[in-house]
Amino acid sequence: MNNIIIRPENKEDYFDAEYMTKRAFWNLHHPGCDEHYLVHLFRQSEDYIEELSRVAEVDGKIVGGIYYSKAYIMDGDKKVDVLNFGPLCVDPDYQNQGIGGKLLGETIKLAREKGYKGIVIFGEPLYYPKHGFKTCDHFGITTKDGKNYDAFMGYEIVPDAFFDVKGKFYESEVFEQLYPDKVEEYDKNFPYMEKLKLPGQWD
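In structure tokens, the structure reads:
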């Protein structure tokens, strides 16, 4: 697909971007989803990095988005700032056409230009390694609980960015503010979608 425009989001995009995010994640990991509410919360948070976040547009329609936030690794007494993003999503009607990879590639290039060193995420373990991400046990980085697993991954924007960094990763507290009652209330802003329990969901 050659007519993809990657650009900064503006206020006029908010509803369409959130509705696209909702459709992308609905019933994917569990019945319903909360990623669209997460996007809403981040725009109001000091942890949100608007200068890196982007949407994808095709023929005037918002079909994808990536949203960056501040995070850090505690290496003993040393705090090391890193990037986190989530969600990265593409409208179900436009998936498997390279849009997610384009969003990722262009924003990583932008992050490099702006001097950021590395990214740590929780994401799909079958997707991100195709784009250079490695599980964080490669870097000596754990979750804040001291754990490692396939969905916990890092990316060195500059070579050996994590070479002398070891420690526990902390993401924005916004990720812990996805209260079910708040999500339910916010869902009323969008067309109704049925929650379904499906095979392969996490819970």
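Per the numbering used here, residue 163 is the first one in the sequence shown, and the count goes up by one each step. We put the CB at the ideal spot given by N, CA and C, even for glycine. Because the structure is a prediction, the values reported are computed rather than measured.
Original post:
With distances taken between CB atoms, is the gap from Lys328 to Gly308 smaller than 8 angstroms?
Top reply: no
Original post:
Ile228 and Phe247: beta carbons closer than 8 angstroms?
Top reply: yes
**OP:** Return the CA-CA distance between Ile283 and Asp221, expressed in angstroms with no decimal places.
**Re:** 30 angstroms
Original post:
Going straight from the alpha carbon of Val217 to that of His293, what length do you get?
Top reply: Answer to the nearest angstrom: the Cα atoms are 19 angstroms apart.
Original post:
Measuring CB to CB, does Lys359 end up less than 8 angstroms from Ile319?
Top reply: It is not a contact, given that the beta carbons lie outside the stated cut-off.
**OP:** Tell me whether the beta-carbon of Ser334 lies closer than 8 angstroms to the beta-carbon of Ser207.
**Re:** yes
Original post:
Residues bridged to Ala233 by DSSP?
Top reply: Val244
Original post:
When you compare each of Cys195, Lys232, Asn164 to Glu347 by their alpha carbons, which one comes out closest?
Top reply: Cys195
**OP:** Answer with buried or exposed for Leu288, where buried requires no fewer than 16 other C-beta atoms within 10 angstroms of its C-beta.
**Re:** exposed
Original post:
Quick one: what's got a C-beta closer than 8 angstroms to Val159's C-beta in the same chain, skipping five residues either side?
Top reply: No answer is possible for residue 159: the residues shown for the chain start at 163 and end at 365.
**OP:** Starting from the C-beta of Ala313, find all residues in its chain whose C-beta is less than 8 angstroms away, skip the five residues before and the five after it, and write them out in chain order.
**Re:** Phe284, Gly285, Glu286, Pro287
Original post:
Buried or exposed: Ile261, going by 16 or more other Cβ atoms within 10 Å of its Cβ?
Top reply: buried
Original post:
Sorted by chain position, which residues of the same chain lie with C-beta nearer than 6 angstroms to Phe301's C-beta, five sequence neighbours on each side aside?
Top reply: Only Gly316, Phe324 meet the Cβ criterion.
Original post:
Who are the Cβ neighbours of Lys306 in its own chain at under 7 angstroms, not counting the five residues just before and after it?
Top reply: Lys330, Phe331, Tyr332
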